[in-house]
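Going by this note's numbering, the sequence shown opens with residue 1, and the numbers climb by one from there.
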Amino acid sequence: MSASAAKQEDLAVVIGLEVHVQLETDTKIFCGCSTDPAEEPNTRTCPVCLGLPGALPVLNEGAVEAAVKLGKALDADIPERTGFDRKNYFYPDLPKGFQITQYGAPVCEDGTLEISHEGDRRAVSIRRAHLEEDPGSIEHVGGSIDQADYTLIDYNRAGVPLMEIVTEPDLRSPGEVRAFLAKMEEVLEYLGIFDSTRDGSLRVDANVSLVPADQMDASGDVDAADLDAANRTEVKNISSHRGAEQALAYEVTRQKNAIQRGRAVEQETRHWDETRGITVSMRSKEAEEDYRYFPEADLPPLEVSHWKQELSIPELPDARRERFREEYGLGAEAADKLTSTKQVADFYEDVAEAFDPDLAATWVADTLLGELNYRDMAITDVSDRLDEFTRLVELVAEEEITAKNAEEVVLRAMLDEGLDPDAVIEREDLGTAEAGEIEAAVQAAIDENPDAVEDYHAGEGGALNFLVGQVMQETGGSADPGTVNELLRAELDG
Numbered sequence: 001m002s003a004s005a006a007k008q009e010d011l012a013v014v015i016g017l018e019v020h021v022q023l024e025t026d027t028k029i030f031c032g033c034s035t036d037p038a039e040e041p042n043t044r045t046c047p048v049c050l051g052l053p054g055a056l057p058v059l060n061e062g063a064v065e066a067a068v069k070l071g072k073a074l075d076a077d078i079p080e081r082t083g084f085d086r087k088n089y090f091y092p093d094l095p096k097g098f099q100i101t102q103y104g105a106p107v108c109e110d111g112t113l114e115i116s117h118e119g120d121r122r123a124v125s126i127r128r129a130h131l132e133e134d135p136g137s138i139e140h141v142g143g144s145i146d147q148a149d150y151t152l153i154d155y156n157r158a159g160v161p162l163m164e165i166v167t168e169p170d171l172r173s174p175g176e177v178r179a180f181l182a183k184m185e186e187v188l189e190y191l192g193i194f195d196s197t198r199d200g201s202l203r204v205d206a207n208v209s210l211v212p213a214d215q216m217d218a219s220g221d222v223d224a225a226d227l228d229a230a231n232r233t234e235v236k237n238i239s240s241h242r243g244a245e246q247a248l249a250y251e252v253t254r255q256k257n258a259i260q261r262g263r264a265v266e267q268e269t270r271h272w273d274e275t276r277g278i279t280v281s282m283r284s285k286e287a288e289e290d291y292r293y294f295p296e297a298d299l300p301p302l303e304v305s306h307w308k309q310e311l312s313i314p315e316l317p318d319a320r321r322e323r324f325r326e327e328y329g330l331g332a333e334a335a336d337k338l339t340s341t342k343q344v345a346d347f348y349e350d351v352a353e354a355f356d357p358d359l360a361a362t363w364v365a366d367t368l369l370g371e372l373n374y375r376d377m378a379i380t381d382v383s384d385r386l387d388e389f390t391r392l393v394e395l396v397a398e399e400e401i402t403a404k405n406a407e408e409v410v411l412r413a414m415l416d417e418g419l420d421p422d423a424v425i426e427r428e429d430l431g432t433a434e435a436g437e438i439e440a441a442v443q444a445a446i447d448e449n450p451d452a453v454e455d456y457h458a459g460e461g462g463a464l465n466f467l468v469g470q471v472m473q474e475t476g477g478s479a480d481p482g483t484v485n486e487l488l489r490a491e492l493d494g
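In structure tokens:
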């Protein structure tokens with residue numbers, strides 16, 4: 001059955017990705033210009049990254065080290081020798097009229113990244129990962145690419161070290177693509193070679209094909225000949241996990257609708273217009289030979305064997321997640337939260353060294369991350385205040401303050417006002433209540449609320465919660481709710 005004759009439900013989705021990742025280095029890949037963002041356009045440039053005649057490239061060693069680290073993390077083949085090529089094409093963001101990249105000898109080949117999506121695990125094959133220079137950035141003014149009044153170009157980004165990661169066509173849904181990008185970003189950040197907060201630090205080109213479902217085997221693989229026979233659409237201008245899922249969901253639906261109406265899917269390159277939520281046609285899809293690759297004569301072949309042997313990589317997310325479960329006895333959900341970034345994992349382990357791992361997990365994974373997320377903050381915003389947060393957990397562990405007050409009063413004041421926990425406790429007079437004070441408040445709640453007592457004895461569960469609330473109000477929140485609950489039950493059931 002051909003794709004054009006298939007019904008929508010008889011079609012399978014096949015997606016391959018080209019993920020462009022800006023590497024975290026101080027300078028550009030072939031010159032000494034800073035990679036720090038600049039407020040003014042075209043101010044982080046020099047003759048090399050502008051492609052002026054006579055300017056020669058010099059390779060940034062840090063970019064090669066980052067690439068080798070990623071290769072080791074992906075369990076990829078890293079050759080003894082690698083080299084660079086010229087990719088020839090004309091576009092306004094490419095000042096030289098060609099891009100220095102790696103074609104014949106990429107720094108990494110045949111790697112794997114395992115992802116999890118909707119309970120299923122899939123090993124996504126990495127065909128290659130190679131170094132190249134980033135083009136400049138383009139701003140379309142007055143509309144999207146096909147509607148703009150004019151276009152501005154900023155060459156500050158031109159020459160920033162870029163790693164292009166090319167997958168095999170192993171992904172089967174937009175949701176899997178989002179899961180893959182999240183996992184890849186997680187690995188890159190653990191390696192310390194990527195900063196997701198930089199604008200444009202991760203961009204995606206996605207190749208989408210629809211094939212008859214009966215051409216896919218039980219493991220989800222498609223024969224290469226069948227895949228080659230299907231027209232492939234490349235979607236560009238994707239710059240986020242969410243954007244990738246949205247763009248590909250739209251494109252899959254567009255192709256299915258075209259096939260359902262008896263129209264052929266054109267082999268072309270399309271642009272994702274995030275504002276309108278659609279893809280628009282840009283040009284017919286180029287073949288690799290159209291780029292007329294040839295070796296970059298200004299950069300000699302590079303021996304990378306010593307880097308492969310000497311460079312070490314840190315504990316990666318999956319390994320750390322498993323260790324947290326085994327070493328600290330954490331559940332899967334807590335371990336996932338606490339290894340979501342390397343900074344969170346490091347913060348948790350520092351707290352867990354001083355306290356019970358379960359208590360540390362509760363306060364970091366649930367309480368602290370929840371409060372930070374509410375404020376659109378990250379763990380890096382408070383990483384220099386580890387001692388203050390550890391002190392807060394210590395006060396709770398030693399029952400010098402209730403968990404409720406610690407979260408709702410102290411932690412929030414720490415984040416909103418920059419105060420340390422002891423200062424907040426002193427200002428708000430939040431010390432825990434004495435046993436006698438709590439017992440008196442329990443007795444008063446029972447004496448003053450006979451209806452609630454009657455409801456409790458009638459089996460209404462909400463009555464006890466009401467009485468606990470009365471005690472907490474009487475003690476100004478300084479009593480432990482669990483202790484109050486136990487005392488009330490003892491009095492009411494006695």
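Glycine included, every Cβ here is placed at the ideal spot set by N, Cα and C.
- For residue 242, the enclosing alpha helix (DSSP H) has its first and last residue at 241 to 260.
- Nearest Cα to residue 419 within the set 35, 389 and 401: 389.
- For residue 150, the enclosing beta strand (DSSP E) stretches over residues 150 to 154.
- The alpha-carbon of residue 63 is positioned some 7 angstroms away from that of residue 29.
- Residue 161 is bridged by DSSP to 133.
- Under the three-state reduction of DSSP output, residue 295 falls in the strand class.
- As far as DSSP is concerned, residue 306 takes part in no beta bridge.
- Of the residues 342, 327 and 336, the one whose Cα lies closest to the Cα of residue 357 is 327.
- It is roughly 14 angstroms from the alpha-carbon of residue 262 to the alpha-carbon of residue 10.
- Spanning the alpha carbons of residue 424 and residue 459 requires a straight line of approximately 40 angstroms.
- In the three-state reduction of the DSSP assignment, residue 392 falls in the helix class.
- Taking C-beta separations shorter than 7 angstroms and ignoring five residues to either side along the sequence, the partners of residue 308 in its chain run 68 and 78, following chain order.
- Residue 106 has its alpha-carbon roughly 21 angstroms from the corresponding atom of residue 185.
- Going by beta carbons, residue 162 and residue 188 fall outside the 9 angstroms limit.
- The C-alpha of residue 17 lies about 6 angstroms from the C-alpha of residue 205.
- Secondary structure in the stretch 349 to 420: the alpha helix (DSSP H) runs of 4 residues or longer, each lying completely within the stretch, are 357 to 361, 369 to 374, 386 to 397 and 412 to 417 in chain order.
- If you draw a straight line from the Cα of residue 321 to the Cα of residue 202, it comes to about 24 angstroms.
- If you check the CB distance, residue 83 and residue 369 do not come in under 9 angstroms.
- Judged by their CB atoms, residue 379 and residue 410 are not nearer to each other than the 9 angstroms cut-off.
- Beyond the five residues adjoining it in sequence on each side, residue 258 comes within less than 7 angstroms, by CB distance, of 265 in the same chain, given in chain order.
- Per DSSP, the unbroken alpha helix (DSSP H) holding residue 321 starts and ends at 317 to 328.
- Boundaries of the alpha helix (DSSP H) harbouring residue 336: 332 to 338, taken from the DSSP string.
- According to the DSSP assignment, residue 72 belongs to the alpha helix (DSSP H) that extends over 61 to 73.
- Of all alpha-carbon atoms in 193, 70, 181 and 293, the one lying nearest the alpha-carbon of residue 242 is that of 181.
- In this structure, the CA atom of residue 448 is about 52 angstroms from the CA atom of residue 118.
- The alpha carbon of residue 127 has as its nearest neighbour, out of 413, 164, 137 and 138, the alpha carbon of 164.
- The continuous stretches of alpha helix (DSSP H) do not include residue 16, which lies in the beta strand (DSSP E) extending over residues 11 to 22.
- The closest CA to that of residue 24, considering only 136, 39, 152 and 191, is found on 191.
- Around the CB of residue 489, fewer than 16 other CB atoms lie within 10 Å, so the residue is classed as exposed.
- Residue 174 is a Cβ neighbour of residue 252, given a cutoff of 9 angstroms.
- Residue 134 is classed as buried because its beta carbon has at least 16 other beta carbons within 10 Å across all chains shown.
- Under DSSP, residue 96 shares a beta bridge with no residue.
- Partner residues in the beta bridge of residue 88, as assigned by DSSP, are 98.
- Closest in alpha carbon position to residue 210, among 255, 352 and 112, is 255.
- The residue among 341, 168, 153 and 91 with its C-alpha nearest the C-alpha of residue 41 is 153.
- Apart from the 5 residues on each side of it in sequence, residue 95 sits with its Cβ closer than 8 angstroms to the Cβ of 49, 50, 51, 136, 155 and 158 in its chain, given in chain order.
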